[in-house]
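Asker: So the sequence shown is numbered by the numbering used here: it starts at 1 and just counts up by one. Glycine is no exception: its CB is placed at the ideal position from the N, C-alpha and C atoms.
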Amino acid sequence: SLVGSEMCIRDRDGFRVQNGEIAGPGGAICLEDVYAEVRNCIFKNNRTLSPQGFNQNRVHQVGNEGGAISSIHNAAPLIEHNIFDSNTTMVGNGGAIAIRHPLRRDDDRSPQIHNNVFFNNRTGLGDAKGALCLLHPEEK
Numbered sequence: 001s002l003v004g005s006e007m008c009i010r011d012r013d014g015f016r017v018q019n020g021e022i023a024g025p026g027g028a029i030c031l032e033d034v035y036a037e038v039r040n041c042i043f044k045n046n047r048t049l050s051p052q053g054f055n056q057n058r059v060h061q062v063g064n065e066g067g068a069i070s071s072i073h074n075a076a077p078l079i080e081h082n083i084f085d086s087n088t089t090m091v092g093n094g095g096a097i098a099i100r101h102p103l104r105r106d107d108d109r110s111p112q113i114h115n116n117v118f119f120n121n122r123t124g125l126g127d128a129k130g131a132l133c134l135l136h137p138e139e140k
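Right, here's the structure in full:
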């Protein structure tokens, strides 16, 4: 998990993040309030587990989003030329990538997703948002 900095993951030979598992957002990477570049990587078989205390009989609960990558609270990732294969959430949106609260207020950066390959990414409990989910709550 990265909070409040800048990071870059690039590899011409295919940096691989595989079999990551967490009871929180981002099975492989969780980005929070950070500018990040993620390029030429392979994300395979990563997953998020059900949130602690999750009740299947109750509606309107937020799950652990982003089977491979979760981008939250003003993060502005550039995600390009990656392969996302068989990443999942047990409960939550974005089997491969979930971006929530994407608007940055201190600069012009915003999340960008280009030229990635997605296959066999799933969300659990019948959630409708498979490989990619972009969410922004209403301003209050």
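Along the beta strand (DSSP E) that carries Ser70, what are the first and last residues, could you check?
Answerer: Run containing Ser70: Ile69 to Ile72, per the beta strand (DSSP E) assignment.
Asker: With distances taken between CB atoms, is the gap from Glu65 to Asn87 smaller than 8 angstroms?
Answerer: Their beta carbons are not under 8 angstroms apart, which means Glu65 does not touch Asn87 by this criterion.
Asker: Here's the rule: buried if 16 or more other CB atoms are within 10 angstroms of the residue's CB, otherwise exposed. What is Ala131?
Answerer: That one is buried.
Asker: Which residue from Cys133, Asn74 and Phe15 puts its Cα closest to that of Gly95?
Answerer: The candidate whose alpha carbon is nearest that of Gly95 is Cys133.
Asker: Tell me which residue opens and which closes the beta strand (DSSP E) that Pro25 is part of.
Answerer: No beta strand (DSSP E) holds Pro25; DSSP gives it neither H nor E.
Asker: Determine, using beta-carbon pairs with one atom in the region 72-83 and one in the region 49-61, whether at least three such pairs fall under 8 angstroms.
Answerer: With the cut-off at 8 angstroms, the region 72-83 and the region 49-61 do not touch.
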